[in-house]
Structures are given as structure tokens and as C-alpha cells.
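Okay, so the sequence shown: first residue is 103 according to the working numbering, each after it adds one.
These notes concern the structure reproduced below.
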Amino acid sequence: MNKITIQTPDDWHLHFRDGLMLKETVPATARCFKRAIVMPNLVPPVTNAKMAMEYSQRILEARPDGSDFEPLMTLYLTDKTTRQDIIDAKQAGVIAAKLYPAGATTNSDAAVKGVMQLYPVFEEMTAQDMLLLIHGEVTESHIDIFDREKVFIDQQMTRIVDDFPQLRIVFEHITTKDAADFVEAGPENLAATITPQHLMLNRNDLLVGGIRPHNYCLPVLKRQTHQAALRDVVARGHKRFFLGTDSAPHEKHLKENSCGCAGCYSAWSAIELYTQVFDELNALEHLEGFASHNGPDFYGLPRNEGSITLVKEDWQIPEQIKLPTGNDIVPFHAGQTVHWKLASS
Ligand code: DOR
Ligand code: ZN
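Pasting the structure below:
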């Protein structure tokens, strides 16, 4: 197959950042996605309805002329989140809340220390039909970084899923066979997003032949057997797995640093790279489900109108991009050739 047309897709996990950065990140996503779940890990984090609505407005203002892109807003859960925060957020149009274990990733210091404390909030989310999005890693310093997702499943995720059978839960950016198996065997109210980098790469791509900071993200890339399990589950077209890029821009100097930031800025090429992966897997018939159907179906939102077309044609991702801040950023897969290209949308 040299050409594929799919219903317009959405990105179910995205970091836009804020301020001047929006002039770069919003058009990059809006070029092919109709909607995106916007992560709330700003400084300070988006913890209430008012902040979410103001942030949404800034995103809308950064859209290219004529774009009908729609940000889907989320709330950042902290130890101080109340039931009333959830009620107010739902009323304002916020559709989900994100659980970051404290210290798990970029700007998560304000996040949750004890999940049990949040049970009243989860009850209210169930009542309000808001989704719970989980960064599934433990953060205790004695737990090896490669084991943190698995330990989170055993210590926390299993319990949350068992205790809230009516709450729709998304296990975000899964990276292990353990997580893929857990979601696949789990109930209908449990789903997962998968990033392009976790389908394309494994930890050798991070560490062999020199450390590659632009492949560093969290949860960190795992061994090849885990990558293979993720590829396998999407190739089978499982309905509770869907597209979430976790596109997470950090300026070049903050990635190429003695303590480099976690995150891959994949918005420039994500839909093309997912297409390439499905093509490699001889599973292009499942691309549309993964990119355009499974997400809205799980979220209870309508599927998009319209379509996008990708053609099998080589192009090169730029080595770096100039940000509106004047600084450079290195996009994911920089300088490399991609075999699929967005033709029209
Ligand atoms: O690599 C990551 N970067 N993982 C996350 O969970 C957060 C993100 C960011 O915001 O930079
Ligand atoms: Zn993320």
C-alpha cells in the first residue's frame, strides 16, 4: 500500500507548554490532529477549572488561521484537590484529571504523595464521569528506574482499577509488556496510550554508542522484549489502546545538558511515524482504529469528521527548529528519513 486515508485523528496525550512556546507547539499538532488531551504539568500546574479555562483560551489563540483544532483540558491532581474542584472542573468542560506520582516527571513535584488520600476525589470523578489519566510509575528512590512501571502496577494500579470499576482510567504512555498485558486482561473501563518512541525504540537506542538525550523520556525506554509487546498489541488492533504522542518539548540546551530533561518533541512527525510502524507491522488496517476511533470511543466523544491522507514518500525531519523564544529545539528523530508523509488534511 502506498497511500492511506484515515478519519481525522486525535492525540490523547500531549504537552503544549505555555506562553511563546504555544506558537510553535499548537500549529505542529493542529496540522493533522483535530483534538488533543492537553497535559496540565505547567509551572504552576493547572489545578482548577479557572486555570484550565484560561490555559485553553491561550491555546485557542495560538491556533493557525482557520484551524478548528480543539484542546481537551485536564486537571492536575494534588494532595489538596477537593471534590468541589472536580465538580467545578467538569462544569467548566474539563474532561479528565491527571495523576502524577510526586517527582515522577517534568514539573510533578506538586503531585500526589499518597494515592489512597485521593479516593474521595476518584469517587467524585466517577460521579461526574470524568476520566482518570495515570502516569504509572512509582518514585521511591530505591526502585530501579526500569522497574518503576511494573512496581506501580503491582502496588497501586491493580488496586485503583479494582476499587473503581465505574471510573474510566487511562494508563498513559505504557512502556512494558507488563502494562500491555495488564490493560489487555483488564476491564472495559481501562485503556492505554502508546507513544511513537516506545513503539520505535528500546533502551539500546538511548544508551548504545553514546548517550542520546533526545531519546530520553519518561517512562524511560525499556528492553526490546517490551517494545515488541507494545508493537504486538497495536498490530492486533486491540480497541483499548490508542494514540497518545506524549510530545513533550524541551529546548535543545535543556536536553543536551549534564542533567537533561525528559521528553521527546514528536509533534512534527508523530502521525507519519505511527504510520511507518503500522506499515512495518503489516497492520495498516489497524492504524485508523488506533489513531482515530479507539480514543474517542473510550472517552465517549464523537469520532471526528473529515480525513487525512498519508502517502509512502521519503522526507527528512529537520535537525533543529527555531522556537519563537529564539532558542533551538531538536525534534524527535531529527535528521532522519521518514517513509510516510502527510499529503492532505
Ligand atoms: O518524558 C516525559 N516528558 N514524560 C512525561 O511524563 C512528562 C514529559 C514532560 O512534560 O516533559
Ligand atoms: Zn506526558
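For every residue, glycine included, the Cβ atom is placed at its ideal position computed from N, Cα and C.
- Task: Pick helix, strand or coil for residue 293, following the three-state DSSP scheme.
- Result: Residue 293 falls in the strand class under three-state DSSP.
- Residue span of the beta strand (DSSP E) that contains residue 273, given as start and end: Annotation: the continuous beta strand (DSSP E) that includes residue 273 extends over 271 to 273.
- Message: Please classify residue 243 as buried or exposed, where buried requires at least 16 neighbouring CB atoms within 10 angstroms.
- Response: The residue in question, residue 243, is exposed, as its Cβ has fewer than 16 Cβ neighbours within 10 Å.
- Task: Out of 291, 408, 328, 299, point me to the one whose CA is closest to residue 434's CA.
- Result: Ranking 291, 408, 328, 299 by Cα distance to residue 434 puts 299 first.
- Are the CB atoms of residue 416 and residue 441 nearer to each other than 8 Å? Yes, the Cβ-Cβ distance between residue 416 and residue 441 is below 8 Å.
- Message: Which of the three DSSP states is assigned to residue 159 in this structure?
- Response: Three-state DSSP puts residue 159 in a helix.
- Task: Enumerate, from N- to C-terminal direction, the unbroken beta strand (DSSP E) stretches of 3 or more residues contained entirely within the stretch 107 to 175.
- Result: Taken in chain order, the whole beta strand (DSSP E) runs of length 3 or more contained in the stretch 107 to 175 are 113 to 116, 137 to 140.
- Task: Give the secondary structure of residue 348 by DSSP, where H, G and I count as helix, E and B as strand, and everything else as coil.
- Result: If DSSP states are grouped into helix, strand and coil, residue 348 belongs with coil.
- For the ligand DOR, is there a heavy atom less than 7 Å away from the beta-carbon of residue 143? Residue 143: yes, Cβ under 7 Å from the ligand DOR.
- Message: Helix, strand or coil, according to DSSP, for residue 300 in the structure here?
- Response: It is helical.
- For residue 350, verify whether its CB is less than 7 Å away from any heavy atom of the ligand ZN. Residue 350: yes, Cβ under 7 Å from the ligand ZN.
- Message: Since residue 191 and residue 143 should fall inside the 8 Å C-beta cutoff, what is the C-beta to C-beta distance between them, to a whole number of angstroms?
- Response: Not really, about 16 Å apart at Cβ, beyond 8 Å.
- Give me the Cβ distance between residue 323 and residue 304, rounded to the nearest whole Å; I'm assuming they're in contact under 8 Å. Sure, about 6 Å apart at Cβ, within 8 Å.
- Roughly how far, in whole angstroms, is the beta-carbon of residue 147 from the beta-carbon of residue 161, given that I think they are within contact range, below 8 Å? That belief does not hold up - the Cβ atoms of residue 147 and residue 161 are roughly 16 Å apart, past 8 Å.
- Proximity to residue 363 [Cα-Cα], best of 208, 240, 122: Proximity to residue 363 across 208, 240, 122 peaks at 208, based on C-alpha coordinates.
- Message: Buried or exposed, going by whether 16 or more other CB atoms sit within 10 Å of the CB of residue 432?
- Response: Per the 10 Å Cβ criterion, buried.
- Query: Who are the near neighbours of residue 258 in its chain, counting only those whose CB is closer than 7 Å to its CB and skipping five residues on each side?
  - Reply: By the criterion of a C-beta distance shorter than 7 Å, residue 258 is surrounded in its chain by 217, once the five residues flanking it on both sides are discounted.
- Task: Look up residue 331 in the DSSP assignment and say whether it is helix, strand or coil.
- Result: When secondary structure is reduced to three states using DSSP, residue 331 falls in the helix class.
- Would you list, in sequence order, the uninterrupted beta strand (DSSP E) runs of no fewer than 3 residues that lie entirely inside the stretch 164 to 242? Counting only runs of 3 or more, we get 172 to 178, 198 to 201, 233 to 236.
- Item | Pair within 8 Å by beta-carbon distance, residue 115 and residue 274 | In this structure, residue 274 lies closer than 8 Å to residue 115 by Cβ.
- For residue 444, which of helix, strand or coil comes out of DSSP? DSSP places residue 444 within a strand segment (E or B) once states are collapsed to three.
- Message: Give me the residue from 187, 267, 376 with the minimum Cα distance to residue 290.
- Response: Per the C-alpha coordinates, the member of 187, 267, 376 positioned closest to residue 290 is 267.
- Task: Mind checking who residue 370 pairs with in its DSSP beta bridge?
- Result: For residue 370, DSSP records no beta bridge to any residue.
- Task: Compare the C-alpha of residue 365 against each of 377, 319, 269, 354 and name the closest.
- Result: The shortest C-alpha separation from residue 365 is found at 319.
- Continuous alpha helix (DSSP H) stretch holding residue 410: start and end: Residue 410 -> not in any alpha helix (DSSP H); beta strand (DSSP E) instead, spanning 409 to 418.
- Query: Expressed to the nearest angstrom, what Euclidean distance is found between the alpha-carbon atoms of residue 145 and residue 381?
  - Reply: Roughly 39 Å between the two C-alpha positions.
- Rounded to whole angstroms, how far is the Cβ of residue 223 from the Cβ of residue 240, which I believe are closer than 8 Å? Approximately 20 Å separates the beta-carbon atoms of residue 223 and residue 240; this is outside 8 Å, ruling out the contact.
- Message: Any heavy atom of the ligand DOR inside 7 Å of the beta-carbon of residue 332?
- Response: False, no ligand heavy atom lies under 7 Å from that Cβ.
- Item | Alpha-carbon spacing of residue 405 relative to residue 107, whole angstroms | Looking at the two C-alpha atoms, the distance is approximately 15 Å.
- Expressed to the nearest angstrom, what Euclidean distance is found between the alpha-carbon atoms of residue 165 and residue 313? Taking the straight line joining both Cα atoms gives about 35 Å.
- Message: Given this structure, state the Cα-to-Cα distance separating residue 428 from residue 206, to the nearest angstrom.
- Response: A straight-line Cα-Cα distance of about 29 Å links residue 428 and residue 206.
- Option in 325, 384, 388 with minimal Cα separation from residue 344: Looking from the CA of residue 344, the closest CA among 325, 384, 388 belongs to 388.
- Item | Whole-number beta carbon distance between residue 201 and residue 233, since they are thought to touch under 8 Å | Not quite, the Cβ-Cβ distance comes to about 11 Å (not below 8 Å), so this is no contact.
- Report the option in 122, 135, 176, 309 whose CA atom is closest to the CA atom of residue 407. The candidate whose alpha carbon is nearest that of residue 407 is 135.
- Message: Looking at the ligand DOR, does it come within less than 7 Å of residue 319, judged from the CB to the closest heavy atom?
- Response: For the ligand DOR, at least one heavy atom lies less than 7 Å from the Cβ of residue 319.
- Message: Considering Cα atoms alone, identify which of 271, 215, 334, 423 is closest to residue 44.
- Response: Since the displayed the chain opens at 103 and closes at 447, residue 44 lies outside it and no answer follows.
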